[in-house]
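A.B. asks: Okay, here's the structure, questions in a sec.
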Amino acid sequence: MRFTPSLSHISAGFVAVLVGYTSSAAIIFQAASAAGASAAEISSWLWALGIGMALTSGGLSLYFKTPVLTAWSTPGAALLVTGLSGLSLNEAVGVFLFSSALITLCGITGWFDRLMKQVPAPLAAAMLAGVLFQFGLQLFGAMETQLLLVGAMLLTYLLGRILLPRYVIPLTLAVGLLIAALQGMLEVETLSWELARPIWTWPEFSVPALIGVGVPLFIVTMASQNVPGLAVLRANGYETPASPLITSTGLTGLILAPLGGFAFNLAAITAAICMGKEADPNPKRRYLASVWAGFFYLLTGIFGATVAALFAAFPAQLVMAIAGLALLGTISGSLSAALKDDEVRDAALITFLATASGMTLVGVGSAFWGLVAGLVAYHLPQVVAATRK
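Take a look at the structure:
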């Protein structure tokens, strides 16, 4: 299949990267600062993360012809904000290498793939709907402060779904940018384009740091990122083997950790943008949206902090609106798949509600615990029935 450019592929890839950077780039700055990184070293972190996500997203998507999108570990970065306090940058790199080595081991052994095969499809769909649910709410919450901007984007989306469904998201984004520019909401006056430069940091290995920060970073990345990331693929009908995906992200972390690539994993929320009908009506061609996302990741890596600042110049309401609208189809499809089977409906509903709650227990996010709660609800009747025999 030839790589033919399409506006819908380009738009889906751009929106995915836009949502990813605007939602969590600030956490990366905080995490790097906690380790004592200089401005140049923070730029190197963004270079490594952008290059790593570009290579894995583009490479894996082209190889498997599947919309595989990778990301940095946002909950992992949040953990590092406090966890790296008191550690040197060299010790931080040692932590990154240790966590990436554990992720690589999980991929090579194949245990993660075997575990995820035990998750029923309705529960995976319910977890995906729960993960994305807040984005649907934020779409309408943004109207409270920017009625004209968000209202016009919603109207464009509704009309576009009828008249030009293939290009509904790029049209909606264009309308949003136009209104934001007319209202003076795009803060681009102070931007200056500069190339990021990678800076190598030699690792130091401290047992307390490896156990106290490295192990939690590994657990959070696997449970809060890779589990929902693979569930997104499964919920959208893609049976790409998990082991090579996990192994690739782990190896990428091992290579780029000394440059600031603290953790790479499968994306969930942004990946769903590339897997929707708006990206391409043909599921077999949606991988091209992830390839374009890889291209935009490459640009963010090359220009580092400048691109992060560019994305930060977009008004928050515009980002919330375009994310919510881009995910509406995926949310509805996931809920439909989760609740259509009477036998699994209660377990799927528990998975959805627990995931959508946003709770965090022992440092692990709600997506993991929603899946755990759903699996308990799914298997408990079978266990009780077996004990009565």
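Numbering-wise (numbering that gives the first Met the number 0), the sequence shown opens with residue 0 and increments by one.
Glycine residues also receive a C-beta, built at the ideal position from the N, C-alpha and C atoms.
Computed from a prediction, not measured in an experiment: that's the story for all the values here.
Comparing the C-beta of L138 with each C-beta of chain B, is any distance below 8 Å?
C.D. replies: Included in the structure is just one protein chain, with no chain B present.
A.B. asks: Applying the 10 Å Cβ sphere with the 16-neighbour rule, what's the burial state of S356?
C.D. replies: Its Cβ having fewer than 16 others within 10 Å, S356 is exposed.
A.B. asks: Which same chain residues end up closer than 7 Å to L96 when comparing Cβ atoms and leaving out the 5 residues on each side of it in sequence?
C.D. replies: Cβ neighbours of L96 beyond the five flanking positions: P202, L253 and A256.
A.B. asks: Apart from the five residues just before and just after H378, which ones in its own chain have a Cβ nearer than 8 Å to its Cβ?
C.D. replies: Nothing listed; no residue qualifies.
A.B. asks: Is the distance from the Cβ of A315 to the Cβ of A125 below 8 Å?
C.D. replies: No; because the gap between Cβ atoms is not below 8 Å, this pair is not in contact.
A.B. asks: Along the beta strand (DSSP E) that carries W71, what are the first and last residues, could you check?
C.D. replies: Looking at the DSSP string, the run of the beta strand (DSSP E) that includes W71 is T69 to W71.
A.B. asks: With F217 and S84 assumed to form a contact (beta carbons below 8 Å), what rounded beta-carbon distance in angstroms separates them?
C.D. replies: F217 to S84, Cβ: 19 Å. No contact.
A.B. asks: Quick check on R113: buried or exposed, where buried means 16 or more other Cβ atoms within 10 Å of its Cβ?
C.D. replies: So R113 counts as exposed.
A.B. asks: For I349, which residues of its own chain have a beta-carbon under 7 Å away from its beta-carbon, when the five flanking residues on both sides are left out?
C.D. replies: Cβ within range, chain order: A372, G373 and A376.
A.B. asks: Do the CB positions of T69 and F263 come within less than 8 Å of each other?
C.D. replies: Yes, Cβ-Cβ distance for T69 and F263 is below 8 Å.
A.B. asks: When we look at the beta-carbon of P228 and count the other beta-carbons within 10 Å, is it buried (16 or more) or exposed?
C.D. replies: First, the amino acid is wrong: residue 228 is Gly here, not Pro. Under this definition G228 is a buried residue.
A.B. asks: Where in the stretch 99–150 do unbroken runs of the alpha helix (DSSP H), each at least 4 residues long, occur, reported from the N-terminal end onward?
C.D. replies: You should have 110–115 and 120–140.
A.B. asks: Would the stretch 103–119 count as touching the stretch 62–76 if we require 3 or more Cβ pairs under 8 Å?
C.D. replies: The stretch 103–119, when compared against the stretch 62–76, does not touch it at the 8 Å Cβ threshold.
A.B. asks: Out of curiosity, what's the CA-to-CA distance linking V383 and L370?
C.D. replies: So the two alpha carbons sit approximately 20 Å from each other.
A.B. asks: What first and last residue would you give for the beta strand (DSSP E) that runs through T263?
C.D. replies: According to the sequence displayed, residue 263 carries Phe and not Thr. F263 to L265 is the span of the beta strand (DSSP E), which, as asked, contains F263.
A.B. asks: By alpha-carbon positions, which one of I9, L334, E342 and L352 ends up nearest to Y166?
C.D. replies: Answer by Cα proximity: I9.
A.B. asks: DSSP three-state label for L163, please.
C.D. replies: Three-state result, L163: coil.
A.B. asks: Measuring straight from C-alpha to C-alpha, what distance separates V187 and A38?
C.D. replies: Each residue's Cα considered, the two are about 20 Å apart.
A.B. asks: Measure the alpha-carbon distance for G260 versus K339 and round it to whole angstroms.
C.D. replies: Near 41 Å, if we compare the C-alpha coordinates of K339 and G260.
A.B. asks: Between A11, L54 and L148, which has its C-alpha nearest A301's C-alpha?
C.D. replies: In the sequence on display, residue 301 carries Ile and not Ala. For I301, the nearest C-alpha among the options comes from L54.
A.B. asks: With a cut-off of 8 Å on the beta carbons, I'd call A270 and P66 a contact; round off their distance for me.
C.D. replies: Contact holds; Cβ gap of about 7 Å.
A.B. asks: Please give the ranges of any alpha helix (DSSP H) in the stretch 245–328, keeping only runs that are unbroken, at least 4 residues long and fully inside the region.
C.D. replies: Correct list: 268–274, 286–302 and 304–311.
A.B. asks: Which one of L154, S32, T248 and A141 has the shortest CA to CA distance from A87?
C.D. replies: Strictly speaking, residue 87 in this sequence is Ser, with Ala absent from that position. Checking every option, the nearest Cα to that of S87 belongs to S32.
A.B. asks: Beta carbon of L170: closer than 7 Å to some heavy atom of the ligand ZN?
C.D. replies: No copy of the ligand ZN occurs in the structure displayed, which carries no ligand at all.
A.B. asks: How close, in whole Å, do the beta carbons of L131 and I330 come, if the pair is a contact with beta carbons under 8 Å?
C.D. replies: Right, the Cβ-Cβ distance comes to about 5 Å (below 8 Å), so this counts as a contact.
A.B. asks: What does the alpha-carbon distance come out to for the pair M358 and S335?
C.D. replies: Those two C-alpha atoms are separated by around 24 Å.
A.B. asks: Give the straight-line distance between the Cα atoms of I245 and L327, rounded to the nearest whole angstrom.
C.D. replies: Rounded to whole angstroms, I245 to L327 spans 28 Å at the Cα level.
A.B. asks: If I measure Cβ to Cβ from S7 and keep anything under 8 Å in the same chain, skipping five residues before and after, which residues do I get?
C.D. replies: The answer, listed in chain order, is R165, Y166, I168, P169, E277, A278, D279 and A288.
A.B. asks: If we call anything under 8 Å between Cβ atoms a contact, is T171 one with G159?
C.D. replies: Yes, Cβ-Cβ distance for T171 and G159 is below 8 Å.
A.B. asks: Kindly indicate the opening and closing residues of the alpha helix (DSSP H) around V227.
C.D. replies: One point to set straight first is that residue 227 is Pro, not Val, in the sequence displayed. Here the alpha helix (DSSP H) through P227 covers V226 to A234.
A.B. asks: From what residue to what residue does the alpha helix (DSSP H) around S43 run?
C.D. replies: That run of the alpha helix (DSSP H) goes A38 to F63.
A.B. asks: What's the gap between the Cα of G19 and the Cα of G58?
C.D. replies: Roughly 19 Å separates the two Cα atoms.
A.B. asks: Is the beta carbon of L258 sitting closer than 8 Å to the one on A11?
C.D. replies: Contact: no.
A.B. asks: Note down the Cα distance separating L17 from L309, rounded to an integer number of angstroms.
C.D. replies: Cα to Cα, the separation comes out at about 10 Å.
A.B. asks: Out of S23, P121 and F28, point me to the one whose CA is closest to R344's CA.
C.D. replies: The shortest Cα separation from R344 among S23, P121 and F28 belongs to P121.
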